[in-house]
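Reviewing the structure listed below.
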C-alpha cells in the first residue's frame, strides 16, 4: 500500500463535437480518472462542454524561452500570412459583426 | 391529490435539500481546491433537484418552495437520518471552540471529518441513482419527466463517489481505516434511506415508485461489491435507523434547521 503522489494534469476542453480541444488550465490529481473528475467541475461547470482530455504535465515537451528567437522571421515573410485574402477579410467582418 | 404521491415527493425533496445543505457546509473547507469545488457543485445539484421537486409540490397545491424550506419545523420534514448527520467524529463532537460566528463551520474546521461527508455522499448518490432510474419510468408522468433531467448530474455524483471509494481505502492504511470507520458509522443510517412507509404498496401497485425494500436490495447490489473490492468490511449486524420518513428526527436535524432557517425567519417578509 503506497500513497500515489499528486501530479499536475493539463486540461483540454471541447465545446462541441468536431471542435478542437482547447487548453483551459490544469488540476491536481493522483491519477487520470480523478483528474477527469476534477477537471469536469473546474472547467466545464460554466462552459458548454462535450468532451474533456487530461494529460500529465510531465508528458509535455516544450521549447525553452531562450530559443524564442527561432520563431521570429529574419526577412519579410508576410506572403505566408493569410490576411491578404478576400475570404479572410469577409470572414473577419462577419466575426466582428457577430461579436457586436 | 393522492397523499401517497405528496409523501413521496416530500421524501425526495427533503433528502435533497438537507444533504445539499450539509455538503455546502464544506464549501471552502474541502481537502484540496479541486475537490472543494467539485463537492460544492454536487451540493448545488442536490439543492436544484430539491427546488424542482418543491415546485412540483407547489403545483399540486402545497406551499411555495421557500415556505417549505425555511418555515417548516423538524417534525414536518420527511428526510432520512443519513442526510442530516453532522460530520464530526464522535469523540470530538463535544468541544466547540468558537472561531467565527458560525458554530457549524467552526466545528467543521476544528473537528470535521471529511471521510464521513464523502462516504455519505457515495451512499446517497448510489441511492439517488437506483431511485431516480426507477422513477424515470414512473406512471406519475410529471415526476418521471423531472427526474430524467437529473440523470446527467446523478451520473457525475456516482462517478465521483465510486472514484473516491475505489481509491482512498487502497491508498494508505490511514485511508482504509478512516473509510472503514465512516462506513461503520453511516451504514445503519444508509439503510434508513429505505425506511418503509405506509404508502409503499400503494405507490408500487400503481407503478409510481417501487417499494423501499426493492430499492434497498438494488442499492445493496450496487454498493456492496464496490466496498468488497477495496477490502472494506460491510457491517452485517447493523440495524437500520428509521423514523425520518415519519418526521421523527435526531437532535442534529433541529440544530441544522436552526442554522439553515435562521436568516429567513429573522424577517419572514423580506424580499430576496
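Protein chains in written order, with the numbering used here: chain W, 123 to 222; chain P, 322 to 593.
Don't be surprised by glycine CBs; every beta carbon is placed ideally from N, CA and C.
All values derive from a computational prediction rather than experimental measurement.
Looking at chain P, is there any beta carbon in it that lies within less than 8 Å of the beta carbon of residue i?
i             : result
residue 155/W : yes
residue 139/W : no
residue 126/W : yes
Using the three-state DSSP reduction, which class does residue i fall into: helix, strand or coil?
i             : result
residue 435/P : helix
residue 346/P : coil
residue 386/P : helix
residue 172/W : coil
residue 409/P : strand
residue 178/W : strand
residue 415/P : The predicted model places residue 415/P with a pLDDT of 48, which falls under 50 and marks its position as unreliable; any figure quoted below should be read in that light. Residue 415/P falls in the coil class under three-state DSSP.
residue 588/P : coil
residue 333/P : helix
residue 547/P : helix
residue 561/P : coil
residue 514/P : helix
residue 207/W : coil
residue 506/P : helix
residue 542/P : helix
residue 446/P : helix
residue 425/P : helix
residue 324/P : helix
residue 498/P : helix
residue 139/W : coil
residue 553/P : coil
residue 458/P : coil
residue 199/W : coil
residue 340/P : helix
residue 571/P : coil
Taking Cβ-Cβ distances shorter than 7 Å, what residues in chain W pair up with residue i?
i             : result
residue 481/P : 159
Kindly indicate the opening and closing residues of the beta strand (DSSP E) around residue i.
i             : result
residue 223/W : Residue 223/W is absent from the model: chain W starts at 123 and stops at 222.
residue 376/P : Premise fails: residue 376/P lies in the alpha helix (DSSP H), 354-380, not in any beta strand (DSSP E).
Check the Cβ of residue i against every Cβ in chain P and list those closer than 7 Å, keeping chain order.
i             : result
residue 150/W : 353, 355
residue 167/W : 362
residue 210/W : Going along chain P, no residue has its Cβ under 7 Å from residue 210/W, so there is no contact; the nearest lies around 39 Å.
Using a Cβ cut-off of 9 Å, pull out every chain P residue sitting near residue i, in sequence order please.
i             : result
residue 164/W : 354, 355, 358, 359
Of all the CB atoms in chain W, is at least one closer than 8 Å to the CB of residue i?
i             : result
residue 492/P : yes
residue 414/P : Summary for residue 414/P: the model assigns pLDDT 47, below 50, so the residue's position carries little reliability, and this model does not support an answer.
Locate the alpha helix (DSSP H) running through residue i, then write down its first and last residues.
i             : result
residue 481/P : 462-492
residue 130/W : First-last for residue 130/W: 129-136, but that is the beta strand (DSSP E), not the alpha helix (DSSP H).
residue 525/P : 521-526
residue 396/P : Note, residue 396/P: premise wrong, no alpha helix (DSSP H); not H, not E.
residue 158/W : 154-165
Notebook entry, point to check: For the segment 457-490 of chain P, which residues have a CB atom closer than 9 Å to at least one CB atom of chain C, in sequence order?
Noted result: Chain labels in this structure do not include chain C; the protein chains are W and P.
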